[in-house]
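Protein chains in written order, with our numbering: chain F, 9 to 121; chain G, 5 to 116.
The beta-carbon is built from N, C-alpha and C at its ideal position, and this holds for glycine as well.
No experiment lies behind these values; they were computed from the predicted model shown.
To start, the structure itself, in structure tokens.
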Amino acid sequence: DAMVIQNPRYQVTQFGKPVTLSCSQTLNHNVMYWYQQKSSQAPKLLFHYYDKDFNNEADTPDNFQSRRPNTSFCFLDIRSPGLGDAAMYLCATSGGQGDYEQYFGPGTRLTVT
Amino acid sequence: AQSVTQLGSHVSVSEGALVLLRCNYSSSVPPYLFWYVQYPNQGLQLLLKYTSAATLVKGINGFEAEFKKSETSFHLTKPSAHMSDAAEYFCAVNEAGYQLTFGKGTKLSVIP
């Protein structure tokens, strides 16, 4: 089945230690998104890629970076995680060009100790 | 600018009773509207979507929603709640771009 895959599902990192979260997709979609979701809140868009074009949300902290080396993969890098960065991180994709439905992965739960 | 309001952060229903989750939106253009469900420690799963075709939209797991332009609403209903429906539900709006704006979510509890 075509899908969005996130690894790992659970990640524990130390305060200030860089961490990378991974997302891959088999849908061949043009657009990939990263969301942060804190407990009992709605997902908050951090950034998205349309193909290789990177689009950062205005209020996304500089501590969050992303890479998309090819159509299938996208990474979220947190350079110096703080306690406030503990959250669920969701990756999503959409086809672009009039296809606006977003397909979500299962998420990565990040804990910062 | 697009926005979504979900009335009621928590809704409780008895098993077998009607489920009604309310969503009102604001949009400057004809919107695309979505309902997603999220189970604990899971991603979001699409229940149904409105994309300017039929105003009554049927989704998975027996859910449906009706787009009412005059009321700017897109309420989610299910005739008979099941225990497995207990989850958090998000309404979202998209103005034909890449920004999906979510409501704050409604947590549904189903009482046996």
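Hey, out of the options, whose CA is closest to residue i's CA?
i, options, result
"THR101/F", "LEU118/F, GLN110/F, ASP93/F and ALA94/F", "GLN110/F"
"ASP93/F", "ARG17/F, GLN14/F, ASN15/F and GLN22/F", "GLN22/F"
"ILE13/F", "SER47/F, SER80/F and ASP59/F", "SER80/F"
"GLY115/F", "ILE86/F, PHE55/F, PRO51/F and ARG75/F", "PRO51/F"
"PHE106/G", "ILE115/G, ALA57/G and GLN42/G", "GLN42/G"
"GLY47/G", "ILE86/F, SER74/F, GLN44/F and PRO89/F", "GLN44/F"
"SER88/F", "GLY103/F, ASN64/F and ASP70/F", "ASP70/F"
"THR28/F", "ASN15/F, GLN49/F and LEU35/F", "ASN15/F"
"ASN45/G", "GLN19/F, PHE62/F, SER74/F and ASN64/F", "GLN19/F"
"LEU50/G", "THR121/F, GLY113/F and LEU118/F", "GLY113/F"
Quick one: is residue i buried, meaning 16 or more other Cβ sit within 10 Å of its Cβ, or exposed?
i, result
"LYS53/G", "buried"
"MET40/F", "buried"
"MET11/F", "exposed"
"GLN33/F", "buried"
"THR110/G", "buried"
"TYR93/G", "buried"
"ALA58/G", "exposed"
"HIS91/F", "What sits at residue 91/F in the sequence shown is Leu, not His. With fewer than 16 Cβ atoms within 10 Å of its Cβ, LEU91/F is classed as exposed."
"ILE115/G", "exposed"
Identify, in the order they occur along the chain, each residue of the same chain with its Cβ nearer than 7 Å to the Cβ of residue i, setting aside the five sequence neighbours on each side.
i, result
"GLY20/G", "SER84 and ALA85"
"HIS79/G", "LEU24, LEU25, ARG26, CYS27, ALA69 and GLU70"
"LEU60/G", "GLU68 and GLU70"
"LEU98/F", "TYR43, GLN45, PRO51, PHE112, GLY113 and GLY115"
Who are the Cβ neighbours of residue i in its own chain at under 6 Å, not counting the five residues just before and after it?
i, result
"ASN65/G", "none"
"CYS95/G", "VAL8, GLN10, CYS27, TRP39 and GLY107"
"ARG76/F", "TYR57 and CYS82"
Quick one: give me the first and last residue of the beta strand (DSSP E) that residue i is part of.
i, result
"MET11/F", "Taken as a continuous stretch (DSSP letters only), MET11/F belongs to no beta strand (DSSP E), as it is neither H nor E."
"THR105/G", "104-106"
"LEU29/F", "27-33"
"SER77/G", "77-82"
"GLU70/G", "68-72"
"ASN63/F", "61-64"
"LYS52/F", "52-58"
"THR55/G", "Premise fails: THR55/G is in no beta strand (DSSP E) and is neither H nor E."
"ASP85/F", "81-86"
"SER48/F", "Looking at the DSSP string, SER48/F is not in any beta strand (DSSP E), and its letter there is neither H nor E."
"MET96/F", "95-102"
"HIS122/F", "Because residue 122/F is not part of the residues shown, which for chain F are 9 to 121, the question remains open."
"ALA96/G", "91-98"
"VAL23/G", "23-30"
Looking only at its chain, what residues have a beta carbon closer than 8 Å to the beta carbon of residue i, apart from the 5 residues adjacent to it on each side?
i, result
"LYS82/G", "LEU22, VAL23, ASN65, GLY66, PHE67, GLU68 and ASP89"
"GLU99/G", "GLN6, SER31, SER32, VAL33, PRO35 and TYR36"
"TYR29/G", "GLN6, SER7, VAL8, THR9, PRO35, LEU37, THR76, SER77, PHE78, CYS95 and VAL97"
"SER113/G", "HIS14, VAL15, SER16, VAL17 and ALA90"
Give me the Cβ distance between residue i and residue j, rounded to the nearest whole Å; I'm assuming they're in contact under 8 Å.
i, j, result
"ASN78/F", "ASP59/F", "So it is not a contact: roughly 10 Å between Cβ atoms."
"LYS46/F", "ALA95/F", "5 Å"
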